[in-house]
Structure formats: structure tokens, C-alpha cells
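In the working numbering, the protein residues as written are 1394 to 1831.
Heads up, the beta-carbon is just placed ideally off N, CA and C, and yes, glycines get one too.
See structure below.
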């Protein structure tokens, strides 16, 4: 083979690709036909001047259209078009965009969040506050406003969109006036406490979802991602050719169309980001982005999003070997099963890092330093043994213990030859363990 992983930097997207076949491209034509036959309800109509639609956009892991516009995803492009419509005086549409998990400025926080995906909770709260603030403005302009929402997302952002739909269903549209906002050390929203009756009671807001290859690696697997009854319509597009063991498809919508005709899942050729976007060789991702665009447009009797031109050049219509992005990615399950793993369990578990579990983080030496940082970040209890290392200073945590029980052996000299570890211990059902090694 002429190319190998040592020459990945010469590839347009850093990994090998192979051409999409005529059968693959025909599958996209079939998906377009299936979507055209799919009946979505009108949530906003020119014939009903009271209707309003909010478009919530949750991006995928490491995806931020502001910080990395060269690798903008279909979700980022969708929001760009929503904002363009608003600027062009489309008054019954609004929306907001939230970058994906693992996009913080701090390298430590970014990498930890990228691995665990813990920050989806504050991102949902941020979106909810924007949504209810816009709803309040719409009601101020028109007391008879009929407000609906479509939540879109890619990868972990798609799962976040599904969980956000549950949040809206359970909370309704709360009144933002006098809202008590609890924030974390970096300004992230941890909790919203309303002080007035809701603008719209729970379960009364019509919702739709548009999900691009949902994947729920990490903490969000512990949360309920089942679509609530107020979701009257939904589209999921799933990557047929994603092979990474850590990227199982989350079937929030089962493949095909549901019996009631309310939901549709199209399984399309391509790897994860061939569905959600961000590649330079984007023939397939443009096709998938257009499917999402077409779906969102069907929620209105006047389309407000523009489909993009699809390249017919063979070199642009390729499937990416996404497992080559990192050396630690494995494909054992896909090879064993002959296809991608699909996750059907959507109910979640009892404990999650966003539910304040009673967990103690412990660590030894440099691992103790990591324990202090992790426990400080997640507001957990901590115990360390001969904690050593300067990392906690960067996080404004005093070395040797800050709100932490620190055991130090008399006369003990920390050595880089020691074994360092961190382990999370808690009650039954607590989230496993985290291992830190120096």
C-alpha cells in the first residue's frame, strides 16, 4: 500500500478514504425519496401569524464553529442559516447554537470533557435559558404566540438534543423573569430556579428533533434519552460505515419509519463525520446536511434554509476510515459482528456526574494531584496520599490539600518510580473508576 498512517498528514482529512460506490450514492437517492414521503407537521405557518419556531443546535464533541470554522459541521451550518434568516427579517424563526463538549480553552478541561463528556448538563441549561428568553420576547410581542421547538445535534450533541427535548417536556417553558441562576467557576450554568409560574405548562410545547449520528460515549449514557410524547416528529440519520468501538450508534429512533409515522431513521453510507460534517472531502456530508435542511424546512410552509450544492466529483464522494484518527481506536466489535454496534438502551442509569453522586476521589502521589483537580472540577469529596505535583496550582488548588483529606507518610519522598493511580469509589451504581497514570 502506497499510503500508511505515517503519511496521514498528506491526506485531505488525515485518514485514508475509499470511494463511495454507485450503490452508495443510490442509497442517498432512496433516503431523499423516503424523506419526501415522510409527513412532518407544520409547526410554523404563514397562514397562522401566531406560530413561532425555535431551532436549538447542539454540536458534536470538539466541534465549535466559532473556534474552528474550517471544520464546521452540518449543525454549525444549519445555525448559520437560521441566523441569516433572522437577519433577513424572518420574524417567526429564531435559534441558538451551543458548541460541543470538549471545546473549552483549558487543555486539561477540554481533554477531560472530550473523554467523559460531562459538560452536556450546563450546555443544556444554557440552551434552555436562551429558549425561554426568546419565548418570553415572542409572548411580549404576541400574547397568543404558539411556540414550538426543533432540537438538532450531531454525535454527542444529537444525544444532548434528545435529552433537551425531555427537559423542555418536563419543565415546559419557564418564565425567565427573576430566574435564579447558579453558575460554576467558569460561568457555566449549573442550575436554573424559576420564581414565577411557567409561560407554558410542562408537556404542552410541540417539539421535533433532527439527529445526526447520535453517539453517547461517557457520562451521558447514564441519562434518559428517550423522546418524550411532546416530540411530534423526528429524523435521525445514522452512519452505516462507522466502525470505532467507542462510537456505537445510539438508536434514539429505530432504523426505518415508526408504525405511527411520527419518526424516521435513515441509515446512510459513510462514517461518523460523513454524516455530521467537518471533513474537507464532504460530498457525503453535504448530502446528509441537505437531508437535515429539507426536514427542518418541512416544519414550515415557507422554507427558510437553503440546501447546498452537491459535488459530483468522485474524489469528493468518499467514505473515511475514521478509526485512523487516533492510534487507540479499536474496531473489534465491528469486525466480530460484521457491522456497527447499535445501542437500544435509552433509559439511562440512576447515577451520573450531572446528578451529584456521593463519590470520593482518591489518588497517590501525582495521581493524588490529579485526584484534587478532578474532585475540585466535579465538586466531589477527595482523599489523597502523598499528593505531589504542580498541576493543582494551575487550577488554583493548593498542593497538599484544599478541602481535601491528605495523608502524608512521615519521611516519605515522592518518587517518579512509584505507581500512581486515581480511583473513584462510591455507592452501588456509581460510575466505575478512572485510572490516571504518570
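Assigned secondary structure, residue i (DSSP; H/G/I helix, E/B strand, else coil)
i            : result
residue 1599 : coil
residue 1465 : coil
residue 1750 : The pLDDT assigned to residue 1750 is 42, lower than 50, so where the model puts this residue is not dependable; a value taken from the coordinates is nonetheless given after this. If DSSP states are grouped into helix, strand and coil, residue 1750 belongs with coil.
residue 1460 : coil
residue 1445 : strand
residue 1518 : helix
residue 1834 : Lying outside 1394 to 1831, the shown extent of the chain, residue 1834 is not represented and no answer is given.
residue 1784 : Because the pLDDT at residue 1784 is just 48, under 50, the model does not fix this residue reliably, and the value given afterwards should be weighed accordingly. Here residue 1784 sits in helix by DSSP.
residue 1539 : strand
residue 1649 : strand
residue 1584 : strand
residue 1643 : strand
residue 1426 : helix
residue 1453 : coil
residue 1488 : strand
residue 1694 : coil
residue 1594 : coil
residue 1526 : helix
residue 1544 : strand
residue 1416 : helix
residue 1479 : helix
Length of the line joining the Cα atoms of residue i and residue j
i            : j            : result
residue 1726 : residue 1707 : 30 Å
residue 1427 : residue 1703 : 19 Å
residue 1501 : residue 1611 : 17 Å
residue 1718 : residue 1691 : 36 Å
residue 1534 : residue 1405 : 49 Å
residue 1623 : residue 1665 : 28 Å
residue 1355 : residue 1480 : Residue 1355 lies beyond the residue range present for the chain, which begins at 1394 and ends at 1831; the question has no answer from this structure.
residue 1594 : residue 1512 : 27 Å
residue 1576 : residue 1617 : 24 Å
residue 1787 : residue 1498 : With a pLDDT of 47 at residue 1787, under the threshold of 50, the predicted position of this residue should be treated as unreliable, though the coordinate-derived value follows. When rounded, the distance between both Cα atoms is 14 Å.
residue 1555 : residue 1642 : 14 Å
residue 1686 : residue 1698 : 6 Å
residue 1705 : residue 1676 : 8 Å
residue 1694 : residue 1627 : 17 Å
residue 1832 : residue 1735 : Since the first and last residues shown for the chain are 1394 and 1831, residue 1832 lies out of range.
residue 1649 : residue 1711 : 24 Å
residue 1567 : residue 1606 : 30 Å
residue 1662 : residue 1634 : 6 Å
Environment of residue i [buried if 16+ CB atoms lie within 10 Å]
i            : result
residue 1589 : exposed
residue 1713 : buried
residue 1504 : exposed
residue 1539 : buried
residue 1571 : exposed
residue 1729 : exposed
residue 1411 : exposed
residue 1441 : exposed
residue 1496 : buried
residue 1553 : buried
residue 1586 : exposed
residue 1492 : buried
Any chain C beta carbon closer than 8 Å to residue i
i            : result
residue 1532 : Of the chains in the structure shown, none is chain C; there is only one protein chain.
Is the region 1442 to 1449 close to the region 1539 to 1549, with three or more CB pairs under 8 Å?
yes
Touching or not, the region 1410 to 1424 and the region 1450 to 1461, by the rule of three or more beta carbon pairs under 8 Å?
no
Three or more C-beta pairs closer than 8 Å, one from the region 1654 to 1670 and one from the region 1628 to 1641: is that the case here?
yes
Every unbroken alpha helix (DSSP H) within the region 1603 to 1682, with a cutoff of 4 residues, ordered by chain
1665 to 1669
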